[in-house]
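Comments concern the structure below.
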Amino acid sequence: MNIFLYTIIFIIGSLFGSFFTLAVYRIPKKQDIIHTHSYCPNCNHKLGILDLFPIISYIFLGGKCRYCKEKIRPRYFILEILSGTLFVIFAFLLGIRFETLSLIKIIDFSFIALYLTFIILIAGIDKENRKIEKGVSIYGIIISIMYMTYLCIVDQFSIYRYVIYLVFYIIILVLDTITLKRFAKNSYLIGLLLMIITMVIFTNELIVILGIILTFLGIAIYLLITKLKALRKKQVKSDAQITKKMSMAFYLGASNIIILIYVLVDTIIFN
Ligand SMILES: [Zn+2]
């Protein structure tokens with residue numbers, strides 16, 4: 346029975362994955378992500394229901410558009426599998442089993458799904474465009490307020506901790522409105538700060554700090570490799586020149602998910 350349950354969770358995850366690829370492509374272009382039909386980015390042909398099955402359509406179409414035969418980027422296929430797998434991993438780690446399925450567990454898992462959506466959208470858009478979309482940040486704030494409200498109902502003692510995070514959100518948003526006109530470049534930094542608060546609310550302080558350390562380690566290694574490559578070509582760039590183009594939100598998001606999985610695995614082993 347559990348195999349059946351996890352298959353369904355994998356399918357739901359891959360459907361989310363196919364939404365992610367569409368949203369990462371459309372949100373920065375200010376296109377509608379819900380009402381507009383999916384279309385081929387090459388020939389603009391509307392996609393039919395047979396073209397829209399995650400993973401399966403890609404395999405049956407041989408990785409090509411049915412209408413213009415243009416190759417579909419394997420990124421879509423990879424993100425669908427990755428997203429399905431992530432959903433299964435989190436379902437397993439949260440203890441979702443057929444025999445013990447409860448409403449609380451379903452709600453917990455739904456929040457994880459909403460949170461994964463936030464991280465993947467913010468990281469994906471940043472990787473593609475080196476930009477943090479304000480719409481995605483706002484989505485993060487909305488789901489964290491929903492999550493905090495839920496936690497306050499389930500566990501009333503933690504209310505003060507959440508009030509502090511709400512105040513942080515408000516301070517940053519006020520700062521953003523004040524400085525927006527004068528320093529447009531700061532919007533990336535503001536986006537990162539909002540992202541960090543959302544991550545703290547959904548995971549916790551320790552996981553976020555470990556994630557930031559992992560991100561810095563990653564950046565240090567990346568800088569080293571880039572410099573070694575540049576030395577060979579004799580075009581040395583400064584650290585600032587290299588980091589300016591780095592997608593920080595992408596690395597932060599990826600580290601956060603890795604540490605979160607690590608911590609969940611760790612608690613299961615030691616219980
Ligand atoms: Zn096409």
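Using the working numbering, the first residue of the sequence shown is number 346, and each one after it goes up by one.
Built from N, CA and C at the ideal position, the CB exists for glycine as well.
**OP:** Report yes if the C-beta of His390 is less than 7 Å from at least one heavy atom of ligand 1; otherwise report no.
**Re:** Yes, ligand 1 has a heavy atom inside 7 Å of this Cβ.
Subject >> Buried versus exposed, by CB contacts within 10 Å (16 or more), Ser455 >> reply: By the 10 Å Cβ count, Ser455 comes out exposed.
Subject >> heavy atom of ligand 1 below 7 Å from Tyr484 C-beta >> reply: Answer for Tyr484: no, Cβ out of range of ligand 1.
Original post:
What three-state label does DSSP hand Tyr370 in the structure shown?
Top reply: For Tyr370, the three-state secondary structure derived from DSSP is helix.
Original post:
Just checking my contact of Ser600 with Gly556 at CB under 8 Å: how many whole Å lie between their CB atoms?
Top reply: The Cβ separation is near 4 Å, so the contact holds.
**OP:** Under the assumption that Ile372 contacts Ile487 (Cβ atoms under 8 Å), give the Cβ distance between them as a whole number of angstroms.
**Re:** That pair is no contact at about 15 Å.
**OP:** Could you tell me whether any non-hydrogen atom of ligand 1 is closer than 7 Å to the CB of Tyr403?
**Re:** For ligand 1, not one heavy atom lies less than 7 Å from the Cβ of Tyr403.
Original post:
Is it the case that the CB of Tyr412 approaches a heavy atom of ligand 1 more closely than 7 Å?
Top reply: Result yes, Cβ under 7 Å from ligand 1.
Original post:
Nearest-angstrom Cα distance between Ile467 and Phe361?
Top reply: Using only the alpha carbons, I get a separation of about 15 Å.
**OP:** Since I believe Leu605 is in contact with Thr560 (beta carbons under 8 Å), could you give me their beta-carbon distance rounded to a whole number of angstroms?
**Re:** In fact, because the Cβ distance is near 14 Å, the residues do not count as touching under 8 Å.
Subject >> Length-filtered (4 minimum) alpha helix (DSSP H) runs lying within the segment 387 to 434 >> reply: The qualifying runs are 401 to 405.
Subject >> Three or more C-beta pairs below 8 Å linking the segment 412 to 421 and the segment 383 to 392 >> reply: Result yes; three or more Cβ-Cβ pairs closer than 8 Å.
**OP:** Taking Ile603 as the reference, give the member of Phe443, Leu461, Gln376, Phe405 with the closest Cα.
**Re:** Nearest to Ile603 by C-alpha distance, out of Phe443, Leu461, Gln376, Phe405, is Leu461.
Original post:
Taking Cβ positions, are Tyr492 and Val545 nearer each other than 8 Å?
Top reply: Not closer than 8 Å, so no.
**OP:** Could you tell me whether the Cβ atoms of Ile477 and Tyr514 are closer together than 8 Å?
**Re:** In this structure, Tyr514 does not lie closer than 8 Å to Ile477 by Cβ.
Original post:
Beta-carbon separation of Phe432 and Ala458 under 8 Å?
Top reply: With contacts defined by Cβ atoms closer than 8 Å, Phe432 and Ala458 form a contacting pair.
Original post:
For chain D, is any of its Cβ atoms less than 8 Å away from the one on Ala599?
Top reply: Annotation note: the requested chain D is absent from the structure, which comprises a single protein chain.
Original post:
Near Leu397, which residues of its chain fall below 8 Å by C-beta distance, leaving aside the five closest residues on each side in sequence?
Top reply: Its chain contains Ser363, Ser383 as the residues whose beta carbon lies nearer than 8 Å to that of Leu397, once the 5 sequence neighbours on both sides are disregarded; these appear in chain order.
Original post:
Got a sec, what are the start and stop residues for the alpha helix (DSSP H) Leu439 sits in?
Top reply: Leu439 -> no alpha helix (DSSP H), and no H or E assigned at all.
Subject >> Start-to-end residues for the alpha helix (DSSP H) that takes in Glu473 >> reply: Glu473 -> alpha helix (DSSP H) spans 448 to 474.
Original post:
For the alpha helix (DSSP H) that contains Ile614, what are its first and last residues?
Top reply: In the DSSP assignment, Ile614 falls within the unbroken alpha helix (DSSP H) covering 593 to 614.
Original post:
Taking C-beta to C-beta, are Leu438 and Leu609 nearer than 8 Å?
Top reply: Between Leu438 and Leu609, the C-beta spacing is below 8 Å.
**OP:** Confirm, please, whether the CB-CB distance from Ser482 to Gly536 is below 8 Å.
**Re:** The beta carbons of Gly536 and Ser482 sit closer together than 8 Å.
**OP:** Could you name the residues that DSSP lists as bridge partners for Tyr384?
**Re:** Looking at the DSSP output, Tyr384 bridges to Lys391.
Original post:
Starting from Met491 and walking both ways along the alpha helix (DSSP H), at which residues does that stretch end?
Top reply: 479 to 499 is the span of the alpha helix (DSSP H), which, as asked, contains Met491.
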